[in-house]
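As structure tokens, this is what we get:
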């Protein structure tokens, strides 16, 4: 379901378990009520036809297309869970070759134990 109400319900469930500081969305109608969940200063909208403003999203779409080529009509919840797990455990250069799952876990540990920000990675020269 791609309705704004369904998106907001899903976000509220996620926010019960995790701290999210901001959200970036495209201009789809499913995102037109994000202000019901987030304050306006924490919502960022990408400009139309400017996919580079959401580079990580576009990279994830490419990863999904490895498993579900364009034109795929149906998927099962089991297939979606497999792809989700694969992506969440796939090492990323932007995370110093850690997986999103590892990075997310470390960020939550830092927040839980009083570190105000996640100390990211030092650039290697």
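Residue numbers (the numbering used here): 1349 to 1473. The C-beta atom is built at its ideal place from N, Cα and C for all residues, glycine as well.
Start and end residues, beta strand (DSSP E) containing residue i
{"i": "residue 1435", "result": "Run containing residue 1435: none in the beta strand (DSSP E); it sits in the alpha helix (DSSP H), 1425–1436."}
{"i": "residue 1373", "result": "1371–1373"}
{"i": "residue 1362", "result": "Premise fails: residue 1362 lies in the alpha helix (DSSP H), 1352–1365, not in any beta strand (DSSP E)."}
{"i": "residue 1393", "result": "1391–1393"}
Whole-Å CB distance - residue i paired with residue j, under 8 Å assumed
{"i": "residue 1399", "j": "residue 1391", "result": "With 8 Å as the limit, residue 1399 and residue 1391 do not qualify as a contact, their Cβ atoms being about 19 Å apart."}
{"i": "residue 1360", "j": "residue 1385", "result": "6 Å"}
{"i": "residue 1435", "j": "residue 1411", "result": "5 Å"}
{"i": "residue 1437", "j": "residue 1447", "result": "5 Å"}
Nearest candidate by alpha-carbon position, reference residue i, set the options
{"i": "residue 1418", "options": "1424, 1409, 1426", "result": "1409"}
{"i": "residue 1405", "options": "1374, 1424, 1363, 1425", "result": "1374"}
{"i": "residue 1449", "options": "1350, 1366, 1356, 1358", "result": "1366"}
Cutoff 7 Å; reference residue i; Cβ partners in own chain excluding five residues on either side
{"i": "residue 1354", "result": "none"}
{"i": "residue 1469", "result": "In this predicted model, residue 1469 has a pLDDT of only 48, less than 50, meaning its place in the structure is not dependable; the value taken from the coordinates is given anyway. These residues qualify, in order along the chain: 1444."}
{"i": "residue 1350", "result": "1378"}
Nonlocal neighbours in the same chain, by C-beta distance under 6 Å from residue i, ignoring five residues either side
{"i": "residue 1377", "result": "none"}
{"i": "residue 1445", "result": "1439"}
Continuous alpha helix (DSSP H) stretch holding residue i: start and end
{"i": "residue 1368", "result": "First-last for residue 1368: undefined, no H or E at that position."}
{"i": "residue 1411", "result": "1403–1415"}
Contact under 8 Å by Cβ, residue i with residue j
{"i": "residue 1451", "j": "residue 1457", "result": "no"}
{"i": "residue 1388", "j": "residue 1394", "result": "no"}
{"i": "residue 1368", "j": "residue 1362", "result": "yes"}
Cβ-based neighbour list, residue i, same chain, cut-off 8 Å, excluding 5 preceding and 5 following
{"i": "residue 1472", "result": "Caution applies to residue 1472, whose pLDDT of 47 falls short of 50 and renders its modelled position unreliable; the value that the coordinates give is listed next. Same-chain partners within the cutoff: there are none."}
{"i": "residue 1380", "result": "1352"}
{"i": "residue 1356", "result": "1381, 1382, 1384, 1385"}
Any C-beta of chain C under 8 Å from that of residue i
{"i": "residue 1379", "result": "In the displayed structure, chain C is absent; only one protein chain is listed."}
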